[in-house]
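What follows is a short report on a single structure.
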Amino acid sequence: MSELRIGVVGAGQRAKLATHAHRPGVARVVACADPSPRGQAHARQLFGEDVALYEDWHALPAGELDAVFVLTPDHLHAAPALHFLDAGVAVFVDKPMAITLPDCDALLASAARTGTRLYIGHNLRHLPMLRRMRELIEDGAVGEVKAVWCRHFVGHGGDYYFKDWHAERANTTGLLLQKGAHDLDVIHWLAGGYSREVVALGGLTVYGANPHRRAAENGSGSGSGSGSGSGSDTESLMSDWFDVGAWPPSQLRDLNPVIDVEDLSQMLTRLDNGVFTSYQQCHYSPDYWRNYTVIGDAGRLENFGDGIDGDPAEIRVWNRKRSGYRSDADLVIPISDSAPEGLHGGADSALVAEFLRFAAVGGPTETSPVAAREAVAAGVAATESLRSGGVPVAVAAPDPAVAAHFAESAGHHRRVSSIPASTL
Numbered sequence: 004m005s006e007l008r009i010g011v012v013g014a015g016q017r018a019k020l021a022t023h024a025h026r027p028g029v030a031r032v033v034a035c036a037d038p039s040p041r042g043q044a045h046a047r048q049l050f051g052e053d054v055a056l057y058e059d060w061h062a063l064p065a066g067e068l069d070a071v072f073v074l075t076p077d078h079l080h081a082a083p084a085l086h087f088l089d090a091g092v093a094v095f096v097d098k099p100m101a102i103t104l105p106d107c108d109a110l111l112a113s114a115a116r117t118g119t120r121l122y123i124g125h126n127l128r129h130l131p132m133l134r135r136m137r138e139l140i141e142d143g144a145v146g147e148v149k150a151v152w153c154r155h156f157v158g159h160g161g162d163y164y165f166k167d168w169h170a171e172r173a174n175t176t177g178l179l180l181q182k183g184a185h186d187l188d189v190i191h192w193l194a195g196g197y198s199r200e201v202v203a204l205g206g207l208t209v210y211g212a213n214p215h216r217r218a219a220e221n222g223s224g225s226g227s228g229s230g231s232g233s234g235s236d237t238e239s240l241m242s243d244w245f246d247v248g249a250w251p252p253s254q255l256r257d258l259n260p261v262i263d264v265e266d267l268s269q270m271l272t273r274l275d276n277g278v279f280t281s282y283q284q285c286h287y288s289p290d291y292w293r294n295y296t297v298i299g300d301a302g303r304l305e306n307f308g309d310g311i312d313g314d315p316a317e318i319r320v321w322n323r324k325r326s327g328y329r330s331d332a333d334l335v336i337p338i339s340d341s342a343p344e345g346l347h348g349g350a351d352s353a354l355v356a357e358f359l360r361f362a363a364v365g366g367p368t369e370t371s372p373v374a375a376r377e378a379v380a381a382g383v384a385a386t387e388s389l390r391s392g393g394v395p396v397a398v399a400a401p402d403p404a405v406a407a408h409f410a411e412s413a414g415h416h417r418r419v420s421s422i423p424a425s426t427l
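The opening residue of the sequence shown carries number 4 in my numbering; numbering runs sequentially from there.
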C-alpha cells in the first residue's frame, strides 16, 4: 500500500482544509503552489518542511501526483482544475465550483471526457444538522416537500467579504453566488430538485457608504482572504484584520478600496420538480448562522442554531396538528456538539475523508459536481435578476449527455491508487 500523493494550489486561509488530507500512511501533501512568500511560509507551517514549494501551479509535477486541491480565489478555480483534470489527476475544487457557468460546464466536460475524478467542496452536505434534516425529510416527517426557505445571517460579513478580493464582482460574480453557493446547494439537496427560474432583489446597503477603505495601491481585490485560499500577490490573511469588536458594521475599518458586490440579497426560485424556494442573505446582522425551513404537505421542520464550529443546534418538527404559535414542537432533535475535530462542525474533515476515498477507489459521494454546477447556475441567474431590477431569469440546465455521464458512471472513473477504501 502506498500513500496518495497530494498537491495543493493556493495556500491562503482555506488551505487549512488540506491539512485533513495530510495523513502519513494514507495520504500526504507533497507539493504546494502559491505565488506569495506569505503563502509559501503558510504552506510550510501547515504541511511541514518536506513539502515542495512552487510559485506557479503549472510547475506542480502532475505526473507525480494522485490528487490536487484547488484552493485559490474563486475566479482562479477553473484554469488549474482543467489542467489537472486533463492530466488525469483527481481534483478537489473548493466551492463555488467557478464564478461563471461556462467555466463550470468546461470542468464537467473535461471530467466526463477524460474519466478523471472531479469533486467539489460543498462541505455542508456533511454537516450533522443538515444530514439529520435530510434524513427526516426522507423518512416522511413533513410529507411531500413543497417549499424550502433559507435565511443566512452573515454576522461577520464585513471582515470576511468586504476587506479583500471578495468585495469585487470580477473575483466572485457576487456574494449571492460566492457565499450563497453553499446554501443553494443545500436548498436543492433538501428539496430534491434544481432551480429553473429565479427572481431576485438586493443591493449594497451598508458597506458601500463606509468611507474607511484601504488605499488602492495596497492590493485591491487580490488578497488571500477568508474564502478559497491564495493565488494572489498580497501578504495578508483574514486573521490579520478580523475585528470582532467593531460594532455596528459601519465602524469597520480598512475595507477593500473597490466594493461593487451586494451586502443584502433575496431570491425566489421555482425548481424543476415544482418545489418553491427562497434564499435571503445579509452581511451585517449581529448574529452569524443559517436557518433552514422545510414545509411539506404534512408538516414543517426548522433548525435553530446550525451546529457550525461548536454552536448549539436543534431541529424542531411540527407535524401532528394545527395550532397557533407554540414553541413546544411535536419533535425536538438536539444536535450533538461533540462533532469531530475541525471546522464547520466536523464537516471539513468528513469532506476531505470522502474525497480521499473517492480519489483512491471511486464510488458514490455525498457531494455532486453536477449539483455544484447547478448551485452556480442558480446564483449566476439570481445575480443577473437582482442587477436588472428583479426581472425573472431562466436557469440553464447542464448538457444532458454530460449530466448522464455523472449519473451513470459514479465509481467507474480512472483509478489512481491501490489504497483500499477501508483505510480512508
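Beta carbons are placed, not taken as given, at the ideal position from N, Cα and C, and that holds for glycine.
This one's a predicted model, so the numbers in the text were calculated from it and none came from an experiment.
Beta-carbon contacts of Met-132 that lie in its chain and below 6 Å, excluding the five residues immediately before and after: Here residue 132 corresponds to residue number 129 of the sequence shown, with the count starting at 1. Answer for Met-132: Asn-306, Asp-309, Gly-310, Ala-316 and Ile-338, listed in chain order.
Nearest neighbour of Leu-304, chosen from Ile-140, Ser-281 and Arg-273 [CA to CA]: As a first step, residue 304 must be located in the sequence shown, where it is residue number 301. That would be Ile-140, whose Cα lies nearest to the Cα of Leu-304.
For Thr-280, the three-state DSSP class (helix, strand or coil): For this step, residue 280 is matched to residue 277 along the sequence shown. Note: Thr-280 maps to strand in three-state DSSP.
Collapsed DSSP secondary structure at Phe-87 in the structure displayed: Stepping through the sequence shown from its first residue, residue 87 is reached at position 84. Helix.
Length of the line joining the Cα atoms of Ser-39 and Ala-55: What you label residue 39 is simply residue 36 of the sequence shown in a count that begins at 1. What you label residue 55 is simply residue 52 of the sequence shown in a count that begins at 1. So the two alpha carbons sit approximately 15 Å from each other.
Simplified DSSP assignment, three categories, for Asp-333: For the purposes of this step, residue 333 is taken as the residue at position 330 of the sequence shown. DSSP places Asp-333 outside both helix and strand once states are collapsed to three, so it counts as coil.
Which residues DSSP lists as bridging Ala-34, in chain order: The residue given as residue 34 occupies position 31 in the sequence shown. Its beta-bridge partners are Gly-10 and Ala-55.
Inside the stretch 238-309 only - alpha helix (DSSP H) runs reaching at least 4 residues: 241-244
Counted within 10 angstroms of its Cβ, other Cβ atoms place Gly-10 as buried (16 or more) or exposed: Position 7 of the sequence shown, counting from 1, holds the residue named residue 10. Answer is buried; the Cβ neighbour count reaches 16.
7 Å Cβ shell around His-159 - same chain, five flanking residues per side excluded: For the purposes of this step, residue 159 is identified with residue 156 of the sequence shown, where counting begins at 1. These residues qualify, in order along the chain: Tyr-291.
Nearest neighbour of Glu-58, chosen from Ala-46, Gly-51 and Phe-50 [CA to CA]: For this step, residue 58 is matched to residue 55 along the sequence shown. Out of Ala-46, Gly-51 and Phe-50, the CA that lies nearest to the CA of Glu-58 is found in Ala-46.
Cβ shell of Ala-144 (< 7 Å), same chain only, five flanking positions each side left out: As a working mapping, residue 144 is identified with position 141 in the sequence shown. So the qualifying residues of the chain are Gly-302, Leu-304, Val-320 and Asn-322.
Uninterrupted alpha helix (DSSP H) stretches inside the stretch 75-159 (no shorter than 4 residues): 81-89, 104-117 and 131-141
Three-state secondary structure (DSSP) of Phe-165: Indexing the sequence shown from 1 puts residue 165 at position 162. In the structure shown, Phe-165 sits in coil (DSSP, three-state: anything other than H, G, I, E or B).
Burial state of Glu-138 (16 or more Cβ within 10 Å): Against the sequence shown, residue 138 aligns to sequence position 135. Result: exposed.
Beta carbon of Ala-410 nearer than 7 Å to that of Asp-188: In the sequence shown, counting from the first residue as 1, residue 410 sits at position 407. In the sequence shown, counting from the first residue as 1, residue 188 sits at position 185. For the pair Ala-410 and Asp-188, the CB atoms are not nearer than the 7 Å cut-off.
From Arg-325, Ala-385 and Leu-180, residue whose alpha carbon lies closest to that of Met-270: Translated into positions along the sequence shown, residue 270 becomes position 267. Met-270 has its Cα closest to that of Ala-385, out of Arg-325, Ala-385 and Leu-180.
Burial state of Asp-351, where buried means 16 or more other Cβ atoms lie within 10 Å: Taking the sequence shown and counting its residues from 1, the one referred to as residue 351 is at position 348. Around the beta carbon of Asp-351, a 10 Å sphere encloses 16 or more other beta carbons of the protein chains shown; the residue is thus reported as buried.
Paired residues, beta bridge with Trp-192 - DSSP: Translated into the one-based positions of the sequence shown, residue 192 becomes position 189. BP columns for Trp-192 are empty, so no partner.
Close beta carbons around Gln-283, own chain, < 6 Å, minus the five adjacent residues each side: Position 280 of the sequence shown, counting from 1, holds the residue named residue 283. Closer than 6 Å at the Cβ level, and outside the excluded window around Gln-283, lie Arg-154 and Gln-269.
contact_flag[the stretch 322-334, the stretch 69-83] where n(CB pairs < 8 Å) is 3 or more: no
Beta carbon of Val-278 nearer than 7 Å to that of Val-148: In the sequence shown, counting from the first residue as 1, residue 278 sits at position 275. In the sequence shown, counting from the first residue as 1, residue 148 sits at position 145. A contact, by the Cβ cut-off of 7 Å.
Burial state of Pro-76 (16 or more Cβ within 10 Å): On the sequence shown, position 73 is the one that residue 76 refers to. Counting Cβ neighbours within 10 Å, Pro-76 comes out buried, since at least 16 surround it.
Cβ-based burial, Gly-234 [other Cβ within 10 Å; buried from 16]: Numbered from 1 along the sequence shown, position 231 holds the residue referred to as residue 234. Confidence in Gly-234 is poor, its pLDDT being 41 and thus under 50, which makes the residue's placement unreliable; the coordinate value appears in the next sentence. With 16 or more other Cβ atoms within 10 Å, it is buried.
Buried or exposed (CB count within 10 angstroms, at least 16 for buried), Pro-27: For this step, residue 27 is matched to residue 24 along the sequence shown. With fewer than 16 Cβ atoms within 10 Å of its Cβ, Pro-27 is classed as exposed.
Beta-carbon gap between Val-373 and Ala-406 smaller than 7 Å: Position 370 of the sequence shown, counted from the start, is the residue given in the question as residue 373. Position 403 of the sequence shown, counted from the start, is the residue given in the question as residue 406. Their beta carbons are under 7 Å apart, which means Val-373 touches Ala-406 by this criterion.
Close-in-space but distant-in-sequence residues of the same chain around Asp-402 (CB under 8 Å, 5 per side omitted): Position 399 of the sequence shown, counting from 1, holds the residue named residue 402. Once the five neighbours on either side are set aside, the close Cβ partners of Asp-402 are Asp-108, Leu-111 and Ala-112.
Ala-101 versus Ser-326 - alpha carbon distance: Indexing the sequence shown from 1 puts residue 101 at position 98. Indexing the sequence shown from 1 puts residue 326 at position 323. Going from the Cα of Ala-101 to the Cα of Ser-326 covers about 45 Å.
Beta-carbon proximity check, Leu-178 vs Tyr-164, cutoff 7 Å: For this step, residue 178 is matched to residue 175 along the sequence shown. For this step, residue 164 is matched to residue 161 along the sequence shown. Going by C-beta atoms, Leu-178 is nearer than 7 Å to Tyr-164.
Backbone CA spacing between Asp-97 and Lys-324 [nearest angstrom]: Translated into positions along the sequence shown, residue 97 becomes position 94. Translated into positions along the sequence shown, residue 324 becomes position 321. Linking Asp-97 to Lys-324 through their CA atoms gives a straight-line distance of about 43 Å.
Buried/exposed call for Trp-192, threshold 16 Cβ in 10 Å: By one-based count along the sequence shown, residue 192 stands at place 189. With 16 or more other Cβ atoms within 10 Å, it is buried.
Validate contact between the stretch 352-361 and the stretch 247-254 using beta carbons, cut 8 Å, 3 pairs: no
Cβ-Cβ separation, Asp-266 to Leu-207 (assumed contact under 8 Å), whole Å: Looking up residue 207 in the sequence shown gives position 204. Looking up residue 266 in the sequence shown gives position 263. Their Cβ separation, rounded to whole angstroms, is 6 Å, which keeps Leu-207 and Asp-266 in contact under 8 Å.
Pair within 7 Å by beta-carbon distance, Pro-252 and Tyr-287: The sequence position of residue 252 within the sequence shown is 249, counting from 1. The sequence position of residue 287 within the sequence shown is 284, counting from 1. Their beta carbons are under 7 Å apart, which means Pro-252 touches Tyr-287 by this criterion.
Whole-angstrom distance between Leu-20 and Ala-93, CA atom to CA atom: The residue given as residue 93 occupies position 90 in the sequence shown. The residue given as residue 20 occupies position 17 in the sequence shown. About 17 Å.
Secondary structure of Leu-204, DSSP reduced to three states: Translated into positions along the sequence shown, residue 204 becomes position 201. Residue state, collapsed to three classes: strand.
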